[in-house]
Amino acid sequence: MTRKTYKIAAIGGDGIGVEVVDACLVVLDVLADRDGGFALNVTNFDWSTDRYKRTGEFMPADGADQLRSFDAILFGAVGAPDVPDHLTLWGLRLAICQPLDQYANVRPTRVLPGIQSPLRHVNAGELDWVIVRENSEGEYAGQGGRSHPGLPLEVATDVSIFTRAGIERIMRFAFKLAQSRPRKLLTVVTKSNAQRHGMVLWDQIAAEVAQDFTDVTWDKMLVDAMTVRMTMKPASLDTIVATNLHADILSDLAAALSGSIGVAPTANLNPERDTPSMFEPIHGSAFDITGKGVANPVATFWTAAMMLEHLGETPAAERLMQAVEAVTADPALHTPDLGGNATTRMVTDAVVESLRGRN
Ligand code: NAI
Ligand code: MG
Numbered sequence: 001m002t003r004k005t006y007k008i009a010a011i012g013g014d015g016i017g018v019e020v021v022d023a024c025l026v027v028l029d030v031l032a033d034r035d036g037g038f039a040l041n042v043t044n045f046d047w048s049t050d051r052y053k054r055t056g057e058f059m060p061a062d063g064a065d066q067l068r069s070f071d072a073i074l075f076g077a078v079g080a081p082d083v084p085d086h087l088t089l090w091g092l093r094l095a096i097c098q099p100l101d102q103y104a105n106v107r108p109t110r111v112l113p114g115i116q117s118p119l120r121h122v123n124a125g126e127l128d129w130v131i132v133r134e135n136s137e138g139e140y141a142g143q144g145g146r147s148h149p150g151l152p153l154e155v156a157t158d159v160s161i162f163t164r165a166g167i168e169r170i171m172r173f174a175f176k177l178a179q180s181r182p183r184k185l186l187t188v189v190t191k192s193n194a195q196r197h198g199m200v201l202w203d204q205i206a207a208e209v210a211q212d213f214t215d216v217t218w219d220k221m222l223v224d225a226m227t228v229r230m231t232m233k234p235a236s237l238d239t240i241v242a243t244n245l246h247a248d249i250l251s252d253l254a255a256a257l258s259g260s261i262g263v264a265p266t267a268n269l270n271p272e273r274d275t276p277s278m279f280e281p282i283h284g285s286a287f288d289i290t291g292k293g294v295a296n297p298v299a300t301f302w303t304a305a306m307m308l309e310h311l312g313e314t315p316a317a318e319r320l321m322q323a324v325e326a327v328t329a330d331p332a333l334h335t336p337d338l339g340g341n342a343t344t345r346m347v348t349d350a351v352v353e354s355l356r357g358r359n
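Residue numbers (UniProt numbering): 1 to 359.
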């Protein structure tokens, strides 16, 4: 049998993005080795704010096209203290997600073994969500502009774009995902009381799509009330779908409730597989801890498991999550964000050891 080889593009980006992607490549290498069933052919890209400072571009003009020949993209984070965040985000991350039409951003949240939720009464299993974020339009469609700079009548607009096609495809994706999970439960989040056009269209299309998924129980929440429900009744939620902006915010809350943003993964999927999907931790480049060797690599390991799952390597994905959970279960292997003293290196070495079967 010939070994399957997957072409992976690795883009560490900035700050701890580079540190956690490097750690992840070590783990992936061991996993491919041990499994023997597949190989990973990794190409590293130096696309970053450093590159922008040197050349004026975060990535080459044809960067997104260069990625098309890969099977998946592993991404760290982009952002630097001395460059405005809207330049870094649009210059690299969105410059990849949007042309490659990675329209479904999937963000699982669970309290991993050994990790304490900041919610006093939550036990493991009572917080097990997947947030689906619309990743191509909405509030981050990039429409808008500024006129009369510096004058008293200066005006700035950001126009949200909600299309029937865009809403319907994310809604179908979310219902299908909810259907595949044991509880078959979906919560559709909007703000359709105050935003009476685009958000009302969301509600309407949710009701239409629901007719094709009669075995899925679904309900609606306004985004402000949703923050209360996530905090007070986490066990009442399972799969959640929301707009680009709303889900961006809710998923940071979800990450915090699961113990740390350092363990929260995400996948930017093109579900039709016309283009490669991109896998990344939710967190950013974390200037405050860059270079200290204490970044939690767990979010990136978890997103690598999502990548393997997407590539069809489910047993390897499961082995990786088992190794990660064996490591989080040991408080001596917690990085400072989880209240421990472990380093990125210690966590990485422990996952590698667990994968090699020595633990
Ligand atoms: P951040 O996620 O980088 O950091 C927030 C806090 O969480 C910091 O105290 C940081 O030390 C901590 N933290 C984050 N990840 C951690 C990890 N793996 N282990 C331990 N602690 C961790 O968010 P912040 O500070 O708002 O943004 C920093 C930069 O990152 C900005 O330039 C921002 O634009 C960018 N950013 C990029 C993202 C991306 O590339 N997808 C996502 C979020 C922010
Ligand atoms: Mg965010």
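By construction, the Cβ of each residue, glycine as well, lies at the ideal position given by its N, Cα and C atoms. As the structure is a prediction and not an experimental result, all values here were calculated from the model.
Under a Cβ-count criterion, where at least 16 other Cβ atoms within 10 Å of its own Cβ denotes burial, should residue i be classed as buried or exposed?
i	result
MET232	exposed
ASN244	buried
SER180	exposed
ARG133	buried
VAL223	buried
ASN359	Low local confidence applies: a pLDDT of 47 at ASN359 is under 50, so the model's placement there is unreliable, and no value is given.
ARG196	exposed
ALA329	exposed
ASN341	exposed
LYS191	buried
GLU272	exposed
ALA95	buried
PRO297	buried
Counting along the chain, where does the beta strand (DSSP E) carrying residue i start and finish?
i	result
ARG110	104-110
ARG183	Per DSSP, ARG183 belongs to no beta strand (DSSP E) and is neither H nor E.
ASP203	Element bounds for ASP203: not the beta strand (DSSP E) but the alpha helix (DSSP H), 198-210.
GLU353	Segment 344-355 is the alpha helix (DSSP H) holding GLU353; no beta strand (DSSP E) there.
ILE8	4-13
LEU222	217-222
ARG319	Unbroken run through ARG319 is the alpha helix (DSSP H), 314-328; no beta strand (DSSP E).
LEU67	First-last for LEU67: 63-67, but that is the alpha helix (DSSP H), not the beta strand (DSSP E).
Under 9 Å between the Cβ atoms of residue i and residue j?
i	j	result
ALA80	THR49	yes
ILE167	ILE205	yes
ALA305	ILE282	no
ALA323	SER354	yes
TRP129	MET171	no
PRO234	VAL351	no
GLY138	GLY198	yes
ALA255	GLU19	no
GLY125	VAL111	yes
Just reading off the alpha helix (DSSP H) that residue i is part of, what are its end residues?
i	result
ASP158	Premise fails: ASP158 lies in the beta strand (DSSP E), 155-161, not in any alpha helix (DSSP H).
ASN244	244-257
ASP50	49-55
MET306	298-311
What whole-angstrom Cβ distance do residue i and residue j have, given they're in contact under 8 Å?
i	j	result
PRO276	ILE73	6 Å
ARG169	TYR103	6 Å
SER251	ILE115	So it is not a contact: roughly 17 Å between Cβ atoms.
THR217	LEU237	Not really, about 12 Å apart at Cβ, beyond 8 Å.
LEU92	VAL78	4 Å
ALA178	THR109	Incorrect: roughly 15 Å between the Cβ atoms, too far for contact.
Does the CB of residue i have a neighbour CB from chain D at under 9 Å?
i	result
CYS24	Of the protein chains in the structure, only one exists, and it is not chain D.
Would you say residue i touches the ligand PLP, meaning its beta carbon is less than 8 Å from a heavy atom?
i	result
GLU280	Among the ligands present in this structure, namely the ligand NAI and the ligand MG, the ligand PLP is not found.
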